[in-house]
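Notes to accompany the following structure.
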Ligand code: PMP
Ligand code: GLN
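Numbering (the working numbering), first residue to last: 191 to 588.
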């Protein structure tokens with residue numbers, strides 16, 4: 191890949207994302223999906239479903255194209271989608287947001303995260319992040335010139351230690367970035383952790399930025415957004431997207447909800463990143479957000495069933511796993527160097543996974559050195575086939 195120059199290259203360097211040759215390397219997801227395509231392996235690496243979005247959601251996108259909704263939507267997002275987001279927050283979480291002032295539609299959660307951090311964080315500020323973390327976080331924080339302060343999540347339950355969390359937050363902390371439910375571990379943070387995050391943010395006058403893209407993939411029970419906790423709403427930017435909930439990761443319709451002044455600040459950056467996008471997909475996601483509760487419940491249950499099939503397969507192959515509470519993902523301990531294991535796995539077993547080191551800062555790779563993330567967002571028969579293939583590793587030298 192030709193290396194980029196300027197701010198992105200400096201940011202990638204600061205975030206430890208340059209390859210050994212000094213290039214800005216392709217993301218681990220792109221690298222592993224290319225490996226799956228080249229070898230014909232089952233791709234349990236990059237998290238994308240192999241089933242279509244709900245029929246009503248697909249139909250709405252087609253109808254929106256046919257209706258001519260193909261030009262720039264408003265900068266804050268189509269009114270119908272902003273209203274659907276506000277109704278969704280009220281209905282599922284009891285959070286009241288004003289669709290005109292407190293909602294911003296973005297190009298996926300990724301743009302919501304980028305625009306939020308670039309708008310609200312100053313060079314030199316600290317951003318507290320739970321490690322392992324989604325790869326874009328380090329790149330964006332570095333682009334903002336800020337310092338990433340990691341709080342480790344450790345095998346097997348991946349809950350942060352409360353003292354370590356308290357130590358990480360201080361007066362230089364501008365934001366605590368919370369991905370709950372958590373990629374790559376599948377963990378859901380305990381109520382204690384959420385409450386401490388809010389107390390620490392209040393004490394140090396920090397913002398809370400949440401990444402809740404897996405909000406509807408909690409297997410048992412329901413998701414608790416941090417913004418629903420006392421004292422949180424006025425300092426929280428809550429981010430989500432339609433990609434995971436509606437099995438439409440390629441549509442890139444995301445959003446954030448926050449107090450008006452924060453939304454306005456974030457929009458000043460967003461307007462120069464993409465300005466706006468995804469016109470016909472906005473009404474489609476609006477339709478999805480209004481689906482009956484039964485849809486959301488069945489989506490979460492279905493993902494739970496898939497995670498069990500994958501987990502059983504990984505155990506049968508001889509690996510210890512950390513049973514996930516949510517998300518697409520299950521982490522296994524392969525008792526081997528995870529990077530070498532993942533590079534060899536497509537040839538050895540016809541399966542692709544992602545080493546957890548790809549989600550950590552250079553200083554902490556050791557902690558995650560034997561852990562591999564596998565994605566369960568595939569049809570049951572595909573997961574069973576992957577399990578059979580992995581089972582063949584048993585007995586072969588690992
Ligand atoms: N955050 C997390 C934790 C993710 O796993 C992902 C990946 N899908 C994203 C953000 C990006 O979401 P989107 O595709 O909506 O940009
Ligand atoms: N969020 C997806 C994952 O964690 C992939 C995102 C991407 O390819 N950048 O697998």
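Quick reminder that beta carbons are idealized off the backbone N, C-alpha and C, glycines included.
Residue i vs residue j beta-carbon contact at 9 Å
i: residue 232; j: residue 224; result: no
i: residue 399; j: residue 368; result: yes
i: residue 272; j: residue 289; result: yes
i: residue 551; j: residue 338; result: yes
i: residue 132; j: residue 566; result: The question about residue 132 has no answer here: the residues shown for the chain are numbered 191 through 588.
i: residue 425; j: residue 397; result: yes
i: residue 305; j: residue 447; result: no
i: residue 466; j: residue 267; result: yes
i: residue 318; j: residue 359; result: yes
i: residue 517; j: residue 407; result: yes
i: residue 460; j: residue 301; result: yes
Alpha-carbon spacing of residue i relative to residue j, whole angstroms
i: residue 246; j: residue 578; result: 35 Å
i: residue 561; j: residue 531; result: 10 Å
i: residue 474; j: residue 324; result: 26 Å
i: residue 310; j: residue 332; result: 13 Å
i: residue 238; j: residue 295; result: 21 Å
i: residue 481; j: residue 200; result: 44 Å
i: residue 209; j: residue 249; result: 43 Å
i: residue 352; j: residue 383; result: 7 Å
i: residue 429; j: residue 320; result: 16 Å
i: residue 214; j: residue 281; result: 43 Å
i: residue 350; j: residue 274; result: 34 Å
i: residue 563; j: residue 236; result: 10 Å
i: residue 492; j: residue 571; result: 13 Å
i: residue 385; j: residue 583; result: 43 Å
i: residue 356; j: residue 251; result: 45 Å
i: residue 512; j: residue 303; result: 27 Å
i: residue 262; j: residue 463; result: 14 Å
i: residue 255; j: residue 412; result: 34 Å
i: residue 347; j: residue 308; result: 32 Å
i: residue 362; j: residue 242; result: 45 Å
i: residue 322; j: residue 452; result: 27 Å
i: residue 336; j: residue 197; result: 13 Å
i: residue 416; j: residue 366; result: 11 Å
i: residue 422; j: residue 401; result: 15 Å
i: residue 314; j: residue 370; result: 26 Å
i: residue 389; j: residue 414; result: 16 Å
Among the options, the one whose alpha carbon lies nearest that of residue i
i: residue 485; options: 422, 421, 437, 325; result: 437
i: residue 420; options: 387, 407, 394, 434; result: 387
i: residue 258; options: 549, 472, 510; result: 472
i: residue 344; options: 251, 248, 372, 338; result: 372
i: residue 364; options: 381, 240, 458, 391; result: 391
i: residue 427; options: 512, 468, 281, 285; result: 285
i: residue 265; options: 457, 470, 564; result: 457
i: residue 575; options: 538, 499, 281; result: 499
i: residue 538; options: 315, 229, 236, 492; result: 229
i: residue 212; options: 219, 220, 203; result: 203
i: residue 341; options: 219, 316, 330; result: 316
i: residue 569; options: 584, 279, 234, 417; result: 234
i: residue 488; options: 236, 279, 329, 435; result: 435
i: residue 220; options: 279, 256, 326, 262; result: 326
i: residue 328; options: 207, 278, 462, 314; result: 207
i: residue 558; options: 393, 240, 374, 455; result: 374
i: residue 483; options: 222, 197, 205, 278; result: 278
i: residue 441; options: 478, 216, 556; result: 478
i: residue 218; options: 414, 549, 405; result: 549
i: residue 405; options: 376, 216, 394, 222; result: 376
Nonlocal neighbours in the same chain, by C-beta distance under 6 Å from residue i, ignoring five residues either side
i: residue 431; result: 298, 299, 403, 444
i: residue 260; result: 469
i: residue 433; result: 439
i: residue 270; result: 473, 476
i: residue 449; result: 424
i: residue 334; result: 307, 308, 311
Cβ-based neighbour list, residue i, same chain, cut-off 8 Å, excluding 5 preceding and 5 following
i: residue 410; result: 494, 515
i: residue 581; result: 503, 506, 507
i: residue 380; result: 349
i: residue 455; result: 309, 310
i: residue 527; result: 559, 560
i: residue 240; result: 567, 568, 569, 572
Neighbourhood of residue i by C-beta, 7 Å cutoff - its chain only, sequence neighbours within 5 removed
i: residue 535; result: 541, 542, 543
i: residue 509; result: 522, 523, 524
i: residue 573; result: 496, 499, 500, 503, 566
i: residue 418; result: 283, 284, 285
i: residue 529; result: 545, 547
i: residue 554; result: 321, 340, 342
i: residue 287; result: 276, 279, 293, 447
Residue i at chain C interface by Cβ criterion, 9 Å
i: residue 222; result: Absent from the structure is chain C; it holds one protein chain and no more.
Can you list, in chain order, every residue whose CB sits closer than 6 Å to a heavy atom of the ligand GLN?
-> Selection around the ligand GLN by beta-carbon proximity, strictly under 6 Å to any non-hydrogen atom, yields 217, 219, 236, 237, 373 in chain order.
Any chance you could list the residues with Cβ under 5 Å from a heavy atom of the ligand PMP, keeping chain order?
-> This criterion selects 298, 299, 300, 324, 369, 373, 401, 403, 431, 433, 444.
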